[in-house]
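Worksheet for the structure shown next.
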Amino acid sequence: MFDERQYDKVLKTISIEKANQVGLKIILPVFLLFTIPHVLLHGEAMLAYFRTASDPMTYLRDGAVFLAAFFIGIVLHECIHGVTWALFAPGGFRSIRFGVLWKYLTPYCHCTEPLKIKHYRLGALMPALLLGLIPAVAGVAVGEYRITLFGIFFITAAIGDFMVIHLLKDEKADDYALDHPSEAGCFVYRRRSNPFDSHPKM
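As numbered in the numbering used here, residues 27 to 228 make up the sequence shown, in order.
Following this line, the structure appears as structure tokens:
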């Protein structure tokens, strides 16, 4: 059972502005990483779509469906964080909060209880895996570029999660992380070598 008195508390956060800047920088590399093999494998099928779909309504319909999928994906991204963390939080879903940082138009999911760092990392990574990497690879495999593009977007959208995971790369898996309520990142609780030392560090 977690006992805060046995741990040193350290703040680890990232700047949302920096995360957005890094996200813009990686869009093109991620786009090329999946689009090039898609074109090499299915380029003729992609051209055929534009040859045959001459009706403007076809483009409008497909665009509307694609846009709706993006918005649904944004909601699912936060839900996946919440579901994964709830599996390991003692309070389950009672410990999960959702909201929007209106200053940055950024939705968020927050867990109010400390989690083992290995579980916190897993919850941070899952949206990128389920909404990003798997759809991007699947789209290339089956020749459906809209699925590939969906995956590309959600890999890029997870850049903040990747940056937080990177902050925790040197932390012990069985120490604890408490999600920050208003910033991207967390408080790390490192177990003291002397558990009887009751003076936590900040």
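We put the CB at the ideal spot given by N, CA and C, even for glycine.
Since this is a predicted model, take the numbers as computed values, not measurements.
For residue i, which three-state DSSP category applies?
i: Tyr-130; result: coil
i: His-136; result: strand
i: Ala-210; result: strand
i: Ala-199; result: coil
i: Leu-194; result: coil
i: Glu-170; result: coil
i: Met-152; result: helix
i: Phe-28; result: coil
Going by DSSP, which residues form a beta bridge with residue i?
i: Ala-216; result: Note that residue 216 is Arg in the sequence shown here, rather than Ala. Asp-34.
i: Gly-186; result: Gly-186 is not bridged to any residue.
i: Asp-205; result: Cys-212
i: Lys-142; result: Tyr-202
i: Thr-39; result: Gly-211
When the Cα atoms are used, what is the spatial distance from residue i to residue j?
i: Phe-96; j: Pro-161; result: 13 Å
i: Tyr-170; j: Pro-63; result: Checking the sequence, you will find Glu at residue 170 rather than Tyr. Those two C-alpha atoms are separated by around 12 Å.
i: Phe-231; j: Gly-158; result: With the chain covering only 27 through 228, there is no way to say anything about residue 231.
i: Gly-49; j: Asp-187; result: 11 Å
i: Tyr-33; j: Thr-84; result: 59 Å
i: Arg-120; j: Arg-217; result: 26 Å
i: Glu-288; j: Leu-59; result: In the structure as shown, the chain begins at 27 and stops at 228. Residue 288 is therefore absent and cannot be evaluated.
i: Lys-195; j: Leu-204; result: 16 Å
i: Glu-197; j: Ile-143; result: 8 Å
i: Asn-46; j: Ile-185; result: 8 Å
i: Ala-112; j: Cys-137; result: 8 Å
i: Thr-174; j: Leu-37; result: 36 Å
Does residue i pass the burial test, meaning 16 or more other C-beta atoms within 10 Å, or should it be called exposed?
i: Thr-61; result: buried
i: Gly-211; result: buried
i: Trp-128; result: exposed
i: Tyr-75; result: exposed
i: Val-214; result: buried
i: Thr-110; result: buried
i: His-192; result: exposed
i: Ile-122; result: buried
i: Thr-78; result: exposed
i: Leu-118; result: The displayed chain sequence assigns Gly, not Leu, to residue 118. That one is exposed.
i: Pro-207; result: exposed
i: Met-27; result: exposed
Segments assigned alpha helix (DSSP H), at least 4 residues, entirely inside the segment 78-125: 82-114
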